[in-house]
Amino acid sequence: MEPSINLRQAIERRRAARAFKSDVIPSVIIQEILRLGLQAPSGYNLQPWRFIVVRSQENKQKLKACAFDQRQVEEAPVVLICCGDRRVNQSDYIESVIELGKEQEAGMNDAYADFIRSSVPALFENRPCFDSIEAWTNRHTMLSVAYLMIVAQSYGVDSCPMEGFVTRQVKEAFKIPEEVDVCCILAMGYAEEPFKRYGGRFSLQTVCYGETYGDFFEI
194 MEPSINLRQA IERRRAARAF KSDVIPSVII QEILRLGLQA PSGYNLQPWR
244 FIVVRSQENK QKLKACAFDQ RQVEEAPVVL ICCGDRRVNQ SDYIESVIEL
294 GKEQEAGMND AYADFIRSSV PALFENRPCF DSIEAWTNRH TMLSVAYLMI
344 VAQSYGVDSC PMEGFVTRQV KEAFKIPEEV DVCCILAMGY AEEPFKRYGG
394 RFSLQTVCYG ETYGDFFEI
């Protein structure tokens, strides 16, 4: 399974789809999109993202009712409920991450394993770079969502990231635990008209600064 376009083309062609055709995404492509999307980085490799893959029409209609009746939810052949799990700071989960690292070819050494055991609890207790655990898990979940959208586009699958939903309703409807937060909804399929026009992007000089915030950036 090789993508039909390269990385640069996938990034430049990706648009949020307003509507979707009824065409089914082949299972092998769904599997590859998810597999590669999960290659996203995360702090200490904690991988806090969790994805509910919604394909049945009944559940898509249920999700649509939680998402202000937006048509993309019902039309898309696959909709992901993208979540962040706040329980990744628990000791048993940290141990599972360590074991995963040890199973890899290079293997995680004992010194780094001990570093993770001490650093992760301290990170979530002190929160030096975030105000809430939800902010941290959402931050990393969106890294994976970005990967998913680019990978999907490389296989000719369009997507639409959505934050228009009522969190409480989604959690109740899909039995999402209290400690798990809904970060966004990602509809995936083959785009149908109306196509969203390209809105443009600000220049590098507008959003990039040299050395200090506000200083002119020169290539």
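Each residue of the sequence shown is one higher than the last, beginning at 194 in the working numbering. Even for Gly, the Cβ is constructed at its ideal location relative to N, Cα and C.
- Cβ-Cβ distances below 7 Å link Gln224 to nothing in the same chain once the five nearest sequence neighbours on each side are left out.
- By the CB criterion at 8 Å, Lys255 and Val272 fall outside the cutoff.
- Using a Cβ distance threshold of 8 Å, Tyr402 and Phe395 do not count as a contacting pair.
- With a contact defined as Cβ atoms closer than 8 Å, Ala203 and Ser347 qualify at about 4 Å.
- For Ala212, the CB contacts under 8 Å within the same chain, skipping 5 residues up- and downstream, are Arg264, Gln265, Glu268, Ala384, Glu385, Glu386, Pro387 in chain order.
- The Cβ atoms of Ile226 and Ala345 lie closer than 8 Å to each other.
- The three-state reading of DSSP puts Pro314 in helix, counting H, G and I together.
- Leaving aside the five residues that flank Leu293 on each side, the residues in its chain whose CB is nearer than 8 Å to its CB run, in chain order, Asn238.
- Annotation: the region 353-411 contains the following complete segments of the beta strand (DSSP E) (minimum length 3 residues), in chain order: 373-382.
- For Ala269, the three-state secondary structure derived from DSSP is coil.
- C-alpha of Lys214 to C-alpha of Tyr286: approximately 40 Å in a straight line.
- Asp216 counts as exposed, since fewer than 16 other beta carbons sit within 10 angstroms of its beta carbon.
- Sorting Tyr391, Thr360, Leu341 by C-alpha distance to the C-alpha of Ala233 places Leu341 at the top.
- Judged by DSSP in its simplified three-state form, Asp307 adopts helix.
- For Asp324, the secondary structure class from DSSP, reduced to helix, strand or coil, is coil.
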